[in-house]
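A.B. asks:
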Amino acid sequence: MTARTARLVDGPIGPTLISLTAPMLIAHYAMIAFNLVDTAYLGRLGTAELAAISFTFPVVMIIASISQGLGTGMSATISQAIGSGDDSRVQRLTTHGLGLAVMVVVAFSVAGLLTIDPVFRLLGASDETLPLIRDYMVLWYLGMVVLIVPMTGNYAIRATGDTRTPAIIMTTSAFINLVLDPLLIFGPGPFPELGIQGAALATVIARSVSLTASLYVLVKRERMVKLARLRWNELWESWRAILFVGVPAAATQLLLPLSIAVTTWLVASHGQHAVAAMGVGSRVELFGFGVVVALGVTLTPFVGQNWGADRTDRLARAIRLAQRFALVWGAALFVVFALLGGPIARLFTDDIGVIPVVQDYLLIAPIGYGLLAVLMVSSSALNALHRPIHSAVLSAGRLFVLYVPLAILGSMAVGVNGVFAAMAVANVIGGVAAWLVVKHRVGQLSGANSPVTERIST
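The opening residue of the sequence shown carries number 118 in our numbering; numbering runs sequentially from there.
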């Protein structure tokens, strides 16, 4: 069998990273728009529907985090196999990884369908919103295969060095959802008026297109899926390799909703204005960090292919370049938010009690943005270098060891601004720690005789 071309082991590093990141950035914002469209249309139906869709966000985020973790494991292992020229292993990892994704989806789908009422009552859903939640989540759980499997499939495509195709697939899916949402929610003309069920159905249809497209690319174009007689030792080897990276990566992803919940709890004691301001600030933050998120996603296959090809010099330079860019980008966000905090706040609210708190948030929290961005790209690099537990520990340590204790102390000492200051301090320390850990790991590889030998022994 002829080994497939490792696209990322030659050529200029900076331009290559830019060409990989740009499509992912577009796809990132397309998926944000995907979620905003559902919320905007359902908000027109009424407060109960808007509350119902809001209750589904934590569950959807948890399932998405698990899927992203599994996809990260596939991207890290497949890209390394491509770099080493082992095409048979590429096919095994892709085929077995997709099978694992289906198994995980079926398990969560069945469990989810059986626990809708108790789970959402635990989250605080009322008797008014629970039937609406049930209408949405039954369809969502039944369609989980077409919702989740394309996410892992797109990670496998990115492992080849192609980020444009997954970006096109994701953007197309978002556009289909944009078109179908009003038709299926409100039922104009010949379309049925399905309300909140229409939003779920639109999502399932849009993601079905994603599933079809990603499988076509993997099976027909890239020939990364090969159905053969199942050998249990090969299946276990593939799953072990994917889950070694995927489980800690999923745990790291799950820290985001947990972090939001903890911050909300800490800020809530300072009143409704503080909670509203934090909500505005966190959404602005999410938008600003889109470039860093996209860079982190693309850094994983770049590092993986070059590690597999024994090009530790290239992966080391790429990581340093990504870290420097992240630091500069975060610093630029701090300057922009500090100067334009007032106008940004007024885009979201005209409440004179909320605006000054938003300004404080955008002045204090962004002090640590540069090193938070360094932590984010460093985590992606550590996943690619088969140190996912290091990545998870860094993220968990930033949240539980640094941020939560400092935020409690800051809240008691100076009020809500103390919570924001604790966020900045935790980000600075976490970013420095991540930089040191990555530097040590790259130094280990640079001194090793063969990173491929290390991969096999790992």
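Even glycine gets a Cβ: it sits at the ideal position worked out from N, Cα and C.
1) Within a Cβ cutoff of 6 Å, which residues of the same chain sit near Leu300, ignoring the five residues on either side of it in sequence?
2) Go to Lys556, then tell me how far its alpha helix (DSSP H) extends in each direction, as first and last residue.
3) With a threshold of 8 Å between beta-carbons, can Val326 be considered close to chain B, or not?
4) With a threshold of 16 other CB atoms inside 10 Å of the CB of Asn534, please say whether the residue is buried or exposed.
5) Could you tell me whether the Cβ atoms of Val491 and Gly532 are closer together than 8 Å?
6) Under the assumption that Ala411 contacts Val474 (Cβ atoms under 8 Å), give the Cβ distance between them as a whole number of angstroms.
7) Flag this pair as touching only if the region 476-493 and the region 172-181 have three or more C-beta atom pairs under 8 Å; answer yes or no.
8) Ser182 to Gly190, Cα distance in whole Å?
9) How should Ile436 be labelled, buried or exposed, when 16 other C-beta atoms within 10 angstroms of its C-beta is the threshold for buried?
10) Quick one: what does DSSP say Ala426 is sitting in, helix, strand or coil?
11) Indicate the three-state DSSP secondary structure (helix, strand or coil) for Leu256 in the structure shown.
12) Please report the Cβ distance between Leu499 and Val554, rounded to the nearest whole angstrom; I am assuming they are in contact, meaning their Cβ atoms lie under 8 Å.
13) Could you check if Gly413 is buried or exposed, using at least 16 other CB atoms within 10 Å of its CB as the buried criterion?
14) With distances taken Cα to Cα, identify the nearest neighbour of Met493 among Ala198, Val521, Arg441 and Ala530.
15) Hey, how far is the Cα of Gly229 from the Cα of Ile285?
16) Hey, how far is the Cα of Phe225 from the Cα of Ala273?
17) Determine the closest residue to Leu450 out of Ile484, Ala426 and Arg463, with distance taken between C-alpha atoms.
18) Nearest CA to the CA of Val296: which residue from Thr320, Leu311, Gly312 and Leu328?
19) Could you tell me whether the region 455-463 touches the region 500-518, using the rule of 3 or more Cβ pairs below 8 Å?
20) With the cut-off set at 8 Å, would you say Leu335 and Gly396 are in Cβ contact?
21) Pick helix, strand or coil for Ile293, following the three-state DSSP scheme.
22) Using 8 Å as the threshold, is the region 184-199 in touch with the region 213-227, meaning 3 or more CB pairs across them?
23) Can you have a look at Asp467 and say buried or exposed, based on whether 16 or more other CB atoms are within 10 angstroms of its CB?
24) Please say whether Pro374 and Ile149 have beta carbons closer to each other than 8 Å?
25) Taking the straight line between their C-alpha atoms, what separation do you get for Asn544 and Arg206?
26) Just to confirm my understanding: we take Pro129, look at its own chain, exclude 5 residues before and 5 after, and list those with CB closer than 7 Å. What are they?
27) How long is the line joining the alpha carbons of Val342 and Met540, rounded to whole angstroms?
28) How big is the Cα-Cα spacing for Leu383 and Ile469?
29) According to DSSP, is Met341 part of a helix, a strand, or is it coil?
30) CB-CB under 6 Å to Thr280, same chain, minus the five flanking residues each way: which ones, in chain order?
31) Identify which residue in Leu526, Gly160, His503 and Leu523 has its Cα closest to the Cα of Val559.
32) Can you list, in chain order, the stretches of the alpha helix (DSSP H) that have 4 or more residues and sit fully within the region 229-288?
33) In whole angstroms, give me the CA-to-CA distance for Arg161 and Leu153.
34) Decide if Gly315 is buried, meaning its Cβ has at least 16 other Cβ atoms within 10 Å, or exposed.
35) Whose C-beta lies closer than 7 Å to the C-beta of Arg428 among residues of the same chain, with five residues either side of it excluded?
36) What residue range is occupied by the uninterrupted alpha helix (DSSP H) comprising Thr122?
C.D. replies: The answer reads as follows:
1) Excluding its 5 nearest sequence neighbours in each direction, Leu300 has C-beta neighbours in its own chain below 6 Å: Phe308, listed in chain order.
2) For Lys556, the enclosing alpha helix (DSSP H) covers residues Val533 to Gly564.
3) Annotation note: the requested chain B is absent from the structure, which comprises a single protein chain.
4) Answer is buried; the Cβ neighbour count reaches 16.
5) Not closer than 8 Å, so no.
6) That belief does not hold up - the Cβ atoms of Ala411 and Val474 are roughly 30 Å apart, past 8 Å.
7) Pairwise C-beta distances place the region 476-493 out of contact with the region 172-181, as fewer than three of them are shorter than 8 Å.
8) Looking at the backbone, the Cα of Ser182 and that of Gly190 are separated by about 12 Å.
9) When all chains shown are included, Ile436 counts as buried.
10) Collapsing the DSSP output to three states places Ala426 in coil.
11) Correct three-state label for Leu256: helix.
12) With a Cβ gap of about 7 Å, Leu499 and Val554 count as contacting.
13) With 16 or more neighbouring CB atoms inside 10 Å of its own CB, Gly413 falls in the buried class.
14) Ranked by how close their Cα comes to the Cα of Met493, the residues Ala198, Val521, Arg441 and Ala530 have Arg441 in first place.
15) So the two alpha carbons sit approximately 30 Å from each other.
16) If you draw a straight line from the Cα of Phe225 to the Cα of Ala273, it comes to about 22 Å.
17) For Leu450, the nearest C-alpha among the options comes from Ile484.
18) Considering only alpha carbons, the answer is Thr320.
19) The answer is no - the region 500-518 does not touch the region 455-463, with fewer than three Cβ pairs under 8 Å.
20) No, the Cβ-Cβ distance between Leu335 and Gly396 is not below 8 Å.
21) In the three-state reduction of the DSSP assignment, Ile293 falls in the helix class.
22) By the Cβ rule, the region 184-199 counts as touching the region 213-227, because three or more pairs are nearer than 8 Å.
23) Counting C-beta atoms within 10 angstroms of its own C-beta, Asp467 has fewer than 16 neighbours from the protein chains shown and is therefore classed as exposed.
24) Not a contact, by the Cβ cut-off of 8 Å.
25) Just so you know, the alpha carbons of Asn544 and Arg206 end up roughly 38 Å apart.
26) Same-chain partners within the cutoff: there are none.
27) Cα to Cα, Val342 sits roughly 44 Å from Met540.
28) The alpha-carbon atoms of Leu383 and Ile469 are separated by roughly 22 Å.
29) The answer is coil: DSSP assigns Met341 none of H, G, I, E or B.
30) Take Thr280, set aside five residues on each side of it, and the residues of its chain with a beta-carbon closer than 6 Å to its own are Leu137, Pro140, Met141 and Thr415, in chain order.
31) Ranking Leu526, Gly160, His503 and Leu523 by Cα distance to Val559 puts His503 first.
32) The DSSP assignment places complete alpha helix (DSSP H) segments of no fewer than 4 residues inside the region 229-288 at 233-239, 247-259 and 261-276, in order along the chain.
33) Their backbone Cα atoms lie some 13 Å apart in a straight line.
34) By the neighbour-count rule (16 or more Cβ atoms within 10 Å), Gly315 is buried.
35) If you ignore the 5 residues before and after Arg428, its C-beta comes within less than 7 Å of the C-beta of Val126, all in its own chain and listed in chain order.
36) Unbroken run through Thr122: none, as it is neither H nor E.
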